[in-house]
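One point on numbering: in the numbering used here, the residue at position 203 of the sequence shown is 204, and numbering is uninterrupted.
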Amino acid sequence: MVPSFLKVAAVSAVGIGGTAGTVYLGGKAVNFSEIQDESDELIDTFKDKFEGRLVTAKASDKKWQTRFKKLQEAKAKKPQESGIPEVSKAEELQKWCQDASIAAFDTSKEKVFEDYCVLINEEQASKKLIQKGNGWKDANERLSKAKDSDISEELKKVRDKVKTDLEESKELENWCTSKYSSPFKGKKDQEFIYLGTYCTEVKKPAKPAASKAPQAADPVKKD
Numbered sequence: 002m003v004p005s006f007l008k009v010a011a012v013s014a015v016g017i018g019g020t021a022g023t024v025y026l027g028g029k030a031v032n033f034s035e036i037q038d039e040s041d042e043l044i045d046t047f048k049d050k051f052e053g054r055l056v057t058a059k060a061s062d063k064k065w066q067t068r069f070k071k072l073q074e075a076k077a078k079k080p081q082e083s084g085i086p087e088v089s090k091a092e093e094l095q096k097w098c099q100d101a102s103i104a105a106f107d108t109s110k111e112k113v114f115e116d117y118c119v120l121i122n123e124e125q126a127s128k129k130l131i132q133k134g135n136g137w138k139d140a141n142e143r144l145s146k147a148k149d150s151d152i153s154e155e156l157k158k159v160r161d162k163v164k165t166d167l168e169e170s171k172e173l174e175n176w177c178t179s180k181y182s183s184p185f186k187g188k189k190d191q192e193f194i195y196l197g198t199y200c201t202e203v204k205k206p207a208k209p210a211a212s213k214a215p216q217a218a219d220p221v222k223k224d
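Now the structure itself:
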């Protein structure tokens, strides 16, 4: 049987996808609306599905400004699109994501949640990524030396095109920069690993310090 204190605690869900008879316990949504005897069911929330990947910064952080700008651009392109957050400023978007994260996970709302509430690759990179328009010659040379066993089929095609023109090829630049704003899938995600390996600045060996010419000895004074 469902414990009586849980029945009393059941409340309406907050955010998206909530239904009457749902209560959130420790990040899990428990649905009591159709429970019969021992059929208690723990329902995964968006927070569970995107554990370790959510934007948890304060509302004033520039991460939310970036996402709010993205939201405004999306609305301008498709004003009638349903499901996107109805907010008028970055702080409201942060609150929307916060509420949505504790709602029962719904695949039909996953894309919207991922677009505005989840970290992107660029924000999680530990090394400095090369930006569009900057010098890519050294990075092109690095990729050109990659073995087939070390890269994906997609990157093999990029590497082979890069080899034809290490100085001017844009293939690697376009591939890398197109992935910077993709949702972060975790530090073990292969695409994220490739970004850290092939899209970061190439450190050049430090030049040896110039040797100083020996100084002439002070003349010995005679008494």
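The beta-carbon is built from N, C-alpha and C at its ideal position, and this holds for glycine as well.
Just so it is clear, the structure is predicted and the values come from calculations on it, not from any experiment.
Query, Result
"Check whether the stretch 85-101 and the stretch 53-61 are in contact - that is, three or more C-beta pairs closer than 8 Å.", "yes"
"Let me check one thing: in DSSP terms, what residues is T46 bridge-paired to?", "A105"
"What does DSSP give as the partner residue(s) for V163 in the beta ladder?", "BP columns for V163 are empty, so no partner."
"Just how far apart, CA to CA, sit K79 and E87?", "13 Å"
"Anyone know if the C-beta pair for N141 and L173 falls short of 8 Å?", "yes"
"Exposed or buried, what is A101 when buried is set at 16 or more other beta-carbons lying within 10 Å of its beta-carbon?", "buried"
"I'd like to know whether the C-beta atoms of S182 and E123 end up nearer to each other than 8 Å.", "yes"
"Reducing DSSP to helix, strand and coil, say where L196 ends up.", "helix"
"Could you check whether T178 and I103 sit closer than 8 Å to each other, using their CB atoms as the reference points?", "no"
"Taking the alpha-carbon positions, what's the K112 to Q191 distance?", "21 Å"
"Taking Cβ to Cβ, would you say D149 is nearer than 8 Å to F106?", "no"
"Tell me whether V88 sits in a helix, a strand or coil according to DSSP, three-state version.", "coil"
"Measure the C-alpha to C-alpha separation of L130 and V203 and round it to an integer number of angstroms.", "10 Å"
"F51: which of C118, K70 and C200 sits nearest, CA to CA?", "C118"
"Could you spell out the range, first to last residue, of the alpha helix (DSSP H) harbouring N141?", "K138 to S145"
"Would you mind stating whether K162 and S153 have Cβ atoms separated by less than 8 Å?", "no"
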